[in-house]
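Note that the UniProt record's numbering numbers the sequence shown so that position 17 is 17, with each residue one more than the last.
Just so you know, even glycine gets a beta-carbon here, dropped at the ideal spot from N, CA and C.
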Amino acid sequence: MMIPFFVWKSKQLLPVNPEDVLFLRAMGNYTEVVLRNYKLFMVRSTLLNALKKLPPELFIKTHRGWAVSILHIVNVEKDTVKVGKTAIPISRKLYKTVLGQLNVIE
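#1: Among Val-104, Trp-8 and Val-33, which has the Cα closest to the Cα of Trp-66?
#2: Looking at the unbroken beta strand (DSSP E) that takes in Tyr-30, where does it start and where does it end?
#3: Considering only the alpha carbon of each residue, which of Lys-52, Leu-22, Tyr-30 and Asn-49 lies closest to Gln-38?
#4: Using only the alpha-carbon positions, how far apart do Glu-106 and Ile-3 sit?
#5: Who are the Cβ neighbours of Leu-14 in its own chain at under 6 Å, not counting the five residues just before and after it?
#6: Kindly indicate which residue of Leu-102, Pro-55 and Val-68 has the alpha-carbon position closest to the one of Met-1.
See the structure below:
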């Protein structure tokens, strides 16, 4: 088990296991953290600042406003990555970087 990070919810700090995170989505100065049970946490942090606090070997930025956990990737296509039931966009600029962070056997 990885070291948890903490989020504020109803004036309490709650632990979240990074392995339970499906993806992160930027929403201005906030980031939506979506867990494997599709529970949502809205944190007051930009996506880049949130990613700095998470294990870099576990999360991949796929688009300007999206990052995914490699543990929950179902499949990867040219312009999307499916995480759980959700299709997340991959920008053309980041496609090769995304593939480079995955352990691909050709």
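The structure says:
#1: Taking the first residue of the sequence shown as 1, we reach residue 66 at position 66. When the alpha-carbon of Trp-66 is set against those of Val-104, Trp-8 and Val-33, the nearest one is in Val-33.
#2: For the purposes of this step, residue 30 is taken as residue 30 along the sequence shown, with counting starting at 1. Per DSSP, Tyr-30 belongs to the beta strand (DSSP E) from 30-35.
#3: Numbered from its first residue, the sequence shown carries residue 38 at position 38. This sequence places Tyr at residue 38; Gln is not what is there. The residue from Lys-52, Leu-22, Tyr-30 and Asn-49 with its alpha-carbon nearest to that of Tyr-38 is Leu-22.
#4: The residue given as residue 106 occupies position 106 in the sequence shown. The residue given as residue 3 occupies position 3 in the sequence shown. Computed Cα separation, rounded: 33 Å.
#5: Within the sequence shown, numbered from 1, the residue matching residue 14 stands at position 14. The residues are Val-7.
#6: Here residue 1 corresponds to residue number 1 of the sequence shown, with the count starting at 1. Closest option to Met-1, Cα to Cα, is Pro-55.
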